[in-house]
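What follows is a single structure, written as structure tokens, with notes after it.
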Amino acid sequence: MHVKVPPISERVRGLAHAAAPTHVSIDGSAGPARGGVDGTGRPLLLVRPGEPLHGLPAADDVVVTVDLSASRTLAGVEHPRGLLKVQGWAQAVPPADLREAAVAVAGRCPDEALFAAVEGDPAGPRLFRVDVGYVIYLTGQESGMLDAEQYLAAGPDPVHDAAERMLRHVNEAHREQLGRAVESLVGEPAPEPWLWELDRYGATVRSGLADPTLIRFPWPSPVDGPPALERALSRLLCPR
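For the sequence shown, position 14 (counting from the first letter as 1) is numbered 14 according to full-length UniProt numbering, and the numbering increases by one without interruption.
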């Protein structure tokens, strides 16, 4: 059977790859969070002095729940793509991994405190990593839970980074062409069209403002790399 959308574990990992922490809950109390996600999908938290996690000894861990939020900016307005709640165990990032963790955080949350965190001074800002226990996801009309094995064994779409670049380019430079293509394919007007998701299995177009509709256009077969994805997207934009 032809697969039209990525497996949910892959989609969730893709959202995590593009997400940033917004809140962290510890012992029933919640507060804002700053950080990113490492290459394996584990949340990274930048913690300042005085915040609850800061005084945790390096060898200890504590149960936390981290909210990760992924969004897409269209016409200067952020629209939610998905919310993930990652429950696991927070522990200070080992000294050997501090620089790599800081680079990952800087991609989502640029902050001068990262320089101090890399120095490893226990009295200054610190970096913590969350070992995943399970992940609750809410994306569009779908919700559910992945255990650590399902989540960590998956990965983002192999063409994720190239897809995001192509998606931004279409939304910045080819929206009129996108609108004409969608109207031709579905046989009815497609107001305010935006390319919403792009992956190896197909493309999703968001149409409408007050009550948006998501229209999925699967590829005839999954693409095997960025060049094939670019060709598939070109065929979508120029239907015959």
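Glycine is no exception: its CB is placed at the ideal position from the N, C-alpha and C atoms.
Unbroken beta strand (DSSP E) run spanning residue 36, endpoints: One-based indexing of the sequence shown puts residue 36 at position 36. Counting along the chain, the beta strand (DSSP E) containing residue 36 begins and ends at 35–37.
Through-space distance from residue 84 to residue 206, alpha-carbon basis: As a working note, residue 206 is residue 206 in the sequence shown. As a working note, residue 84 is residue 84 in the sequence shown. Computed Cα separation, rounded: 21 angstroms.
Contact between the stretch 114–131 and the stretch 43–56 (3+ Cβ pairs under 8 angstroms): yes
Residue 188 burial status per 10 Å Cβ neighbour count (16 or more: buried): Counted from its first residue, the sequence shown places residue 188 at position 188. Residue 188 should be labelled exposed.
Spatial neighbours of residue 236 in its chain, beta-carbon cut-off 7 angstroms, leaving aside the 5 residues before and after: As a first step, residue 236 is located in the sequence shown; it is residue number 236 there, counting from the start. Taking residue 236 as the centre and dropping the five residues before and after it, the same chain places the C-beta of 181, 203 and 217 closer than 7 angstroms to its C-beta, in chain order.
Inter-residue Cα distance where the pair is residue 101 and residue 184: Taking the sequence shown and counting its residues from 1, the one referred to as residue 101 is at position 101. Taking the sequence shown and counting its residues from 1, the one referred to as residue 184 is at position 184. Computed Cα separation, rounded: 46 angstroms.
Own chain partners of residue 21 with C-beta closer than 7 angstroms, once the 5 adjacent residues on each side are dropped: Start at 1 with the first residue of the sequence shown, and residue 21 comes out as number 21. Result list for residue 21: 33, 34, 35, 43, 45, 66, 67 and 68, in chain order.
Three-state secondary structure (DSSP) of residue 50: Indexing the sequence shown from 1 puts residue 50 at position 50. It is coil, neither helix nor strand.
Test item: CB-CB of residue 154 and residue 9 under 7 angstroms: Indexing the sequence shown from 1 puts residue 154 at position 154. Indexing the sequence shown from 1 puts residue 9 at position 9. Yes, the pair counts as a contact, with Cβ atoms nearer than the cut-off.
DSSP-derived helix/strand/coil call for residue 131: The sequence position of residue 131 within the sequence shown is 131, counting from 1. Looking at residue 131 - three-state DSSP - the assignment turns out to be strand.
Helix, strand or coil at residue 197 according to DSSP, with G and I counted as helix: As a working mapping, residue 197 is identified with position 197 in the sequence shown. Correct three-state label for residue 197: strand.
Alpha helix (DSSP H) runs contained entirely in the stretch 110–198, provided each spans 4 or more residues: 113–119, 148–153, 160–173 and 175–186
Neighbour-count burial assignment, residue 197, 16 or more Cβ in a 10 Å radius: For this step, residue 197 is matched to residue 197 along the sequence shown. Under this definition residue 197 is a buried residue.
Between the CA atoms of residue 91 and residue 57 - distance to the nearest angstrom: Position 57 of the sequence shown holds residue 57. Position 91 of the sequence shown holds residue 91. Distance between the alpha carbons of residue 57 and residue 91: 8 angstroms.
The alpha helix (DSSP H) enclosing residue 74, as first and last residue numbers: Here residue 74 is taken as the residue at index 74 of the sequence shown, counted from 1. Not the alpha helix (DSSP H): residue 74 falls in the beta strand (DSSP E), residues 62–74.
Nearest neighbour of residue 18, chosen from 97, 230 and 107 [CA to CA]: Mapped onto the sequence shown, residue 18 falls at position 18. Cα-wise, what sits closest to residue 18 is 107.
Residue from 130, 213, 29 and 138 with nearest C-alpha to residue 186: Residue numbering aside, residue 186 sits at position 186 when the sequence shown is read from its first letter. When only C-alpha atoms are compared, the closest one is 213.
Nearest to residue 94 (by Cα), restricted to the options 151, 61, 161 and 26: Locating residue 94 in the sequence shown gives position 94, where the first residue counts as 1. Closest option to residue 94, Cα to Cα, is 61.
Span separating the alpha-carbon of residue 112 from that of residue 31: Taking the first residue of the sequence shown as 1, we reach residue 112 at position 112. Taking the first residue of the sequence shown as 1, we reach residue 31 at position 31. Spanning the two alpha carbons is a distance of roughly 21 angstroms.
Rounded separation between residue 279 and residue 110 - CA only: Since the first residue of the chain shown is 1 and the last is 240, residue 279 is not available in this structure.
Strand pairing of residue 207, partner residues [DSSP]: In the sequence shown, residue 207 corresponds to position 207, counting from 1. Answer is 213.
Straight-line gap, residue 135 to residue 240 (C-alpha atoms, nearest Å): Taking the sequence shown and counting its residues from 1, the one referred to as residue 135 is at position 135. Taking the sequence shown and counting its residues from 1, the one referred to as residue 240 is at position 240. Roughly 43 angstroms between the two C-alpha positions.
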